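K.L.:
Here it is: the structure, laid out below.
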Amino acid sequence: MSVFDLCLTPTGLRFWGRKFPCTIGRGGVVRDKREGDGGTPVGLHHIVGLLYRPDRMACPTPWAQPIGKDDLWSDFSDDAHYNQMVRAPYPHSHEHLRRADPLYDLVLVTDWNWPVAKPGRGSAIFLHQYRRKGYPTEGCIALRRDHMRWIAERAAPGTRLIVRR
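So for the sequence shown, the numbering used here puts the first residue at 0; every next one is plus one.
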């Protein structure tokens, strides 16, 4: 473990020698992640993508990808595109990445159950902005907007996310 790893602790997310308050899944930290359980999975994960809303902010880094109006994330475990970004129209269960609220204005995507997703093991674990302090997620790690931006500007593809129980 190094200061360049994102490390989830009971008191926040550590990165680059700083600690950021954050919220996690309503199901807490879990060892056996399942779709819909609200758990944040234990493990060594890696950052594999950075998405942002170009209509709401400037591009944070050269490797960030803009979120378009038709961008979705599949959470339908019986589909070949489970736990992948898909485009509308998409007939199965999914999340809209371009939301009316600011939660997904900036998203670090992890490699949880990706690139080859096992059905039922849970879809995307993102780092994103929180709804409000202390409000749990569906399994993601959520931070204050300015903290999310600071982290996104310094994280790179392959940055490790360490989640321990």
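Where is the CB? At the ideal position from N, CA and C, for every residue including glycine.
These numbers were taken from a predicted model, which means no experiment stands behind them.
Return the residue from the list Asp-78, Ala-116, Glu-137, Leu-105 that minimises the CA-CA distance to Arg-52.
P.N.:
Considering only alpha carbons, the answer is Leu-105.
K.L.:
Are the CB atoms of Asp-78 and His-165 within a distance shorter than 9 angstroms?
P.N.:
Residue 165 lies beyond the residue range present for the chain, which begins at 0 and ends at 164; the question has no answer from this structure.
K.L.:
Can you say whether Leu-43 is buried or exposed, counting buried as having 16 or more other CB atoms within 10 angstroms of its CB?
P.N.:
Flag for Leu-43 reads exposed.
K.L.:
By DSSP's criteria, Asp-70 is part of a beta bridge. Which residues make up the other side?
P.N.:
Paired residue(s): Arg-86.
K.L.:
Measure the C-alpha to C-alpha separation of Cys-21 and Asp-110 and round it to an integer number of angstroms.
P.N.:
Cα-Cα distance, rounded: 20 angstroms.
K.L.:
To the nearest angstrom, how far is the alpha carbon of Arg-159 from that of Pro-88?
P.N.:
If I take the Cα positions, the gap works out to 33 angstroms.
K.L.:
Assign Ile-23 to one of three DSSP states: helix, strand, or coil.
P.N.:
Coil at Ile-23, not helix or strand.
K.L.:
If you follow the beta strand (DSSP E) that Ile-161 is part of, which residue opens it and which one closes it?
P.N.:
Taken as a continuous stretch (DSSP letters only), the beta strand (DSSP E) holding Ile-161 covers 159-162.
K.L.:
Leaving out five residues on either side along the sequence, give the residues of the same chain with a beta carbon under 6 angstroms from the beta carbon of Val-47.
P.N.:
Same-chain partners within the cutoff: Val-108, Asp-110.
K.L.:
Buried or exposed: Tyr-129, going by 16 or more other Cβ atoms within 10 Å of its Cβ?
P.N.:
Result: buried.
K.L.:
Assess, as a yes-or-no matter, whether the segment 54-63 is touched by the segment 5-15 under the definition of 3 or more beta carbon pairs within less than 8 angstroms.
P.N.:
Result no; under three Cβ-Cβ pairs closer than 8 angstroms.
K.L.:
Nearest by alpha-carbon distance to Trp-149: which of Cys-6, Arg-30, Phe-19, Val-115 is it?
P.N.:
Among Cys-6, Arg-30, Phe-19, Val-115, the Cα nearest to that of Trp-149 belongs to Phe-19.
K.L.:
Going by C-alpha distance, which of Gly-24, Val-115, Ser-1 is nearest Cys-139?
P.N.:
Minimum Cα distance to Cys-139 is reached at Gly-24.
K.L.:
Would you give the residue range spanned by the alpha helix (DSSP H) that Ala-151 belongs to?
P.N.:
Residues 144-153.
K.L.:
Applying the 10 Å Cβ sphere with the 16-neighbour rule, what's the burial state of Glu-137?
P.N.:
Answer is buried; the Cβ neighbour count reaches 16.
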